[in-house]
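S.K.: Quick one: the structure is below, and I'll ask about it shortly.
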Amino acid sequence: MTVTTPEAVDEAPAPFPASPDAHLTDPATRATLRVQSRMLAATRAFLTAHGFQELLPPLIGPVTDPGIRGSKQVDVDFYGHKYKLMTSAILYKQASLLAFDKIFYIAPNVRLEPVETAVTHRHLAEFHQIDVEIRDASREDAMLLAEQLLTHVVTDVLASMPAELDVLGRDTETLRRAAGDAFGRVGHAEATAGLIAAGHPQDPAAEIDWQGEEIVSARAERPFFVTDYPKGSRGFYDKENPQQPGVLRNFDLIAPEGYGELASGSEREHDYATLVTRMRETGENPAKYGWYLDLARRGIPASSGFGIGLERFTRYVTGRQAAWQASAYPKLPGVVSA
Amino acid sequence: MNTALVAHGFPEEQVRARARHGAAAVFPAQSGYGSGLLGAGACTPDADDELERIRIVPPVFMPERLKKLIDLGREPLYSDVDLETVIGGFTSRMPLYVSAFGSTQVASHDLGEAAGRQAAQLGVPLVIGENVVPVNGYRSADDAGVSPLLGRIAAYAEAAGAEYGGVAVQQSTEDADAEVWNLIYSDPVSEPLLATGRLAFELKVGQGAKPGLGGLTVLDRDTAGRVAEQYATDEVFGADSDRVLRVSSPGTFTEEILRQQVRLMRNNFPRVKVWVKLHPGRDVAEAAATAWAAGADAVTVDGAEGGTAWAPTGFLSHVGLPLADCLRRVGRKDSCLLASGRMWEGTRAVKALALGARAVGLGRAALLAVDEDREAGLRRLAEAFALEVRMLTSAVGKYHVNALDPQDLLFPAAWRMPSAASGAA
């Protein structure tokens, strides 16, 4: 039986299944996937009730989200043109607001992460996101929605899936406390300073690294937001704060108990000239973003949004040791499997 | 063994001689020993090259030599000079690295791999050029999984010892389409270098031979058609020619774009060192300072004397700052500055090191040496280089190559050291 305390992360890692049937017939897998199914239903119910339109996510396109640390994109030969599998649908999320003011996807993503991430318990090469985008919304609007959505889903699962949580040995009291109140907020600079003070070598100009994220997560008792990441740590579409140059209007949502990052979001950049400049700052060749930049020239709506990693969210709710346990056919970086 | 590689305006014969004879080629021909009388004037420096006109001037009194004498308990010799240094986060056996060759035909496949193997055996860093992926392909199915880029990394990793050297992989604007760095970072071939801290990514801002221009290569029409989505072409050879000029964009940089690109490299690839290569622009000092402040482990300045496979002849003679002027503007700093541009022997290198460079890059010289002898040409050239640098360093009374400074040089009358040099490390 999988242990659900944060210390589980330090224990011997659960062995990756030798075969699909060993994994699929494991009672823990079945309980986890049932909870995941319920989480999806609760997500759809919540967002639909709040006026969101669900769209089917695009799988391939001439370009995809570059704002990902060190992971490789997958090329698709599209009639002689090089297309990409989606690493995230961010560009399409912004474009979709031309049709609807509030949209969401349950979107599959493929990111060939560096092989060393196979042991973080959080990285999957194939995963899904609950991808939300809201026209004319501020970062704070998006954060509030993420908080309400997470609270709704956790509350729903606690009420409707006690048997599964029991099979999984989830500490439901800790989970219940998570959904009780508003989430805390800490700026990236403060979080970084705290890590450095605690003896963890963290570059203040960079994304909080995987170990650092686990440390801040393990210390927390409830989910919380880290805001204001520095420019240079995220993609070109995270809007820079006009009042604080060099600081982005973005956030991560971190789960407590050592489970780490669940979601990333931001207020989006949508101004054409700023997008081109930011693309250069992130080392991108604007020419390959043709369709997106043409659209931006004609006008993309202002927006904020976020993506919640579904397998990570499921891992947190079910208290599993690793995100791959929340997938029926897990793809770990560098590991050949079903 | 050579492939008729030619390098006009470059001391090709001397480089090839060193590639054949190694350290012996540092001296006049042995046949003249005992009968020839030598003196200045045998090799007249190029009057247009400021670095060549600088002289290395040993003192009479040498307190550093006394320290070394006390340390050793015997009179020191040139062989006591320590050449080991840190180049952009890599430990190198000498202040030397092999510059990028790029995607041009002269640097393809076996020459590139042979250069990499010999650099690895020498324990000095190797830079792998831009555009290697979009032009040559990363892993093409008909190539049994061997790409030039991975082949070069693998050749280096196999030939290297456990401690010295390292590989820096360039990416420029077009390479961003192919996401070279993401590919390399997650490929198992890179792991031996990553695990020992010997992989760097080099952001190519520009190059010495064509400052302000992007890469230019001549392609046949078939090949040009294959890369048409990534590169512009120009019919400079006429519409009926079977060849076209492939034109890369130089990429747009501002201070903020350079700063953020360096920071993004550090954020996205925490296990690699970050190098930045600058063309000899008139604001090279500001650009170098920006890159270092953003966290670059090394900044390379490629002087206008730098070699290239293809560039408009006007650019070769008239555009960009000479290396000497770059070094003067940047000044001596605590950060790692690398210098390239017509490097092949010890005196020019020692002058660049005394002016503030941590190491010098061999471009054309490395290619010619490998072309002369695939197995040992570059090793012999480096052997000759090491002997000269040791002799010159000991001649100014110093025993670590990092101790060279502008006092060891005599400048032409018109030379003015900027105020930045007063803070010399």
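Sequence lines, in order, name chains A and B. Taken in order, the first sequence gives residues 1 to 338; the numbers are from the working numbering. Taken in order, the second sequence gives residues 1 to 425; the numbers are from the working numbering. Backbone N, C-alpha and C define an ideal beta-carbon position, used for all residues, glycine too.
(1) Assuming F313(A) is part of the beta strand (DSSP E), what are its boundary residues?
(2) Check each residue of the segment 259-289 of chain A: if its Cβ is closer than 7 Å to any Cβ of chain B, include it; give the result in chain order.
(3) So is P201(A) in contact with chain B if we call contact Cβ pairs under 8 Å?
(4) With distances taken Cα to Cα, identify the nearest neighbour of L96(B) among A357(B), W415(B) and Q407(B).
(5) Could you name the residues that DSSP lists as bridge partners for W275(B)?
(6) Could you tell me the alpha carbon to alpha carbon distance between E372(B) and E12(B), rounded to whole angstroms?
(7) Is it true that the CB of L332(A) sits closer than 8 Å to the CB of F127(A)?
(8) So for T48(A), helix, strand or coil by DSSP?
(9) Can you give me, in chain order, the residues of the segment 212-237 of chain A that have a beta carbon less than 9 Å from any beta carbon in chain B?
(10) To the nearest angstrom, how far is the alpha carbon of A296(A) from that of S303(A)?
(11) Among residues of its own chain, excluding the 5 on either side of T32(A), which ones have a beta-carbon nearer than 7 Å to its beta-carbon?
(12) Out of curiosity, what's the CA-to-CA distance linking T192(A) and Q207(B)?
(13) Any beta carbon of chain B sitting closer than 8 Å to that of E207(A)?
(14) Kindly say whether Y185(B), judged by its beta-carbon, lies nearer than 8 Å to any beta-carbon of chain A.
(15) Counting Cβ pairs, one atom from each stretch, are 3 or more of them under 8 Å apart for the segment 296-315 of chain B and the segment 201-220 of chain B?
(16) Using the Cα positions of P406(B) and G361(B), report the straight-line distance between them to the nearest angstrom.
(17) If we count the other Cβ atoms within 10 Å of its Cβ and call it buried at 16 or more, is S241(B) buried or exposed?
(18) R282(B): buried (16+ other C-beta within 10 angstroms of its C-beta) or exposed?
(19) Quick one: residues in its chain with C-beta nearer than 7 Å to the C-beta of L37(B), no 5 flanking neighbours on either side, listed in chain order?
(20) Using a Cβ cut-off of 7 Å, which residues of the segment 257-272 of chain B contact any Cβ in chain A, in chain order?
(21) Comparing the C-beta of E286(B) with each C-beta of chain A, is any distance below 8 Å?
(22) Could you check whether the segment 270-285 of chain A touches the segment 122-140 of chain A, counting it as contact only if at least three pairs of C-beta atoms, one from each stretch, sit closer than 8 Å?
(23) Quick check: the Cα distance between A339(B) and V127(B), rounded to an integer number of angstroms?
(24) Under a Cβ-count criterion, where at least 16 other Cβ atoms within 10 Å of its own Cβ denotes burial, should I60(A) be classed as buried or exposed?
(25) If you drop the 5 nearest sequence neighbours on each side, which residues of the same chain put their C-beta closer than 7 Å to that of Y164(B)?
(26) Would you mind working out which of W415(B), I56(B), Q230(B) and V26(B) sits nearest P62(A), comparing C-alpha positions?
(27) Compute the distance between the beta-carbons of E383(B) and G346(B), then report whether it is under 8 Å.
(28) Check Y399(B) in the structure and name its three-state DSSP category.
(29) Please indicate yes or no: does the CB of T120(A) lie closer than 7 Å to some heavy atom of the ligand ADP?
(30) Just to confirm, are E240(A) and K231(A) a CB contact at a threshold of 8 Å?
(31) By the three-class DSSP mapping on this structure, what secondary structure does Y105(A) have?
(32) Please list the terminal residues of the continuous alpha helix (DSSP H) segment that includes A273(A).
(33) Please name the residue or residues paired with G307(A) in a DSSP beta bridge.
(34) Alpha carbon to alpha carbon, how far is T300(B) from E50(B)? Give it in angstroms, no decimals.
(35) Go through its chain and collect everything with a Cβ distance to D142(B)'s Cβ below 7 Å, but skip five positions before and after it.
M.R.: Short version:
(1) That residue, F313(A), is in no beta strand (DSSP E); its alpha helix (DSSP H) goes L310 to T318.
(2) R280, E281, T282, G283, E284, N285 and K288
(3) no
(4) A357(B)
(5) Answer is E202(B) and A298(B), bridged to W275(B).
(6) 10 Å
(7) Result no, Cβ atoms of F127(A) and L332(A) do not sit closer than 8 Å.
(8) helix
(9) P230, K231, G232, S233 and R234
(10) 13 Å
(11) Excluding residues within five positions, the ones whose Cβ falls inside 7 Å are L168, T314, T318, R320, Q325 and A326.
(12) 37 Å
(13) E207(A) counts as touching chain B.
(14) Interface flag for Y185(B) against chain A is set, since a Cβ pair is found closer than 8 Å.
(15) yes
(16) 20 Å
(17) exposed
(18) exposed
(19) none
(20) I257, Q260, Q261, R263, L264, R266, N267, N268, F269 and P270
(21) no
(22) No: the two stretches stay apart, fewer than three of their Cβ pairs being nearer than 8 Å.
(23) 13 Å
(24) exposed
(25) The residues are T91, S92, R93 and G123.
(26) Q230(B)
(27) no
(28) coil
(29) The ligand ADP is not part of this structure, which contains no ligands at all.
(30) yes
(31) strand
(32) Y272 to E281
(33) D131(A) and S264(A)
(34) 19 Å
(35) Any answer about D142(B) is weak, because its pLDDT of 41 lies below 50 and its placement is not dependable; what the coordinates show is given next. Cβ neighbours of D142(B) beyond the five flanking positions: none.
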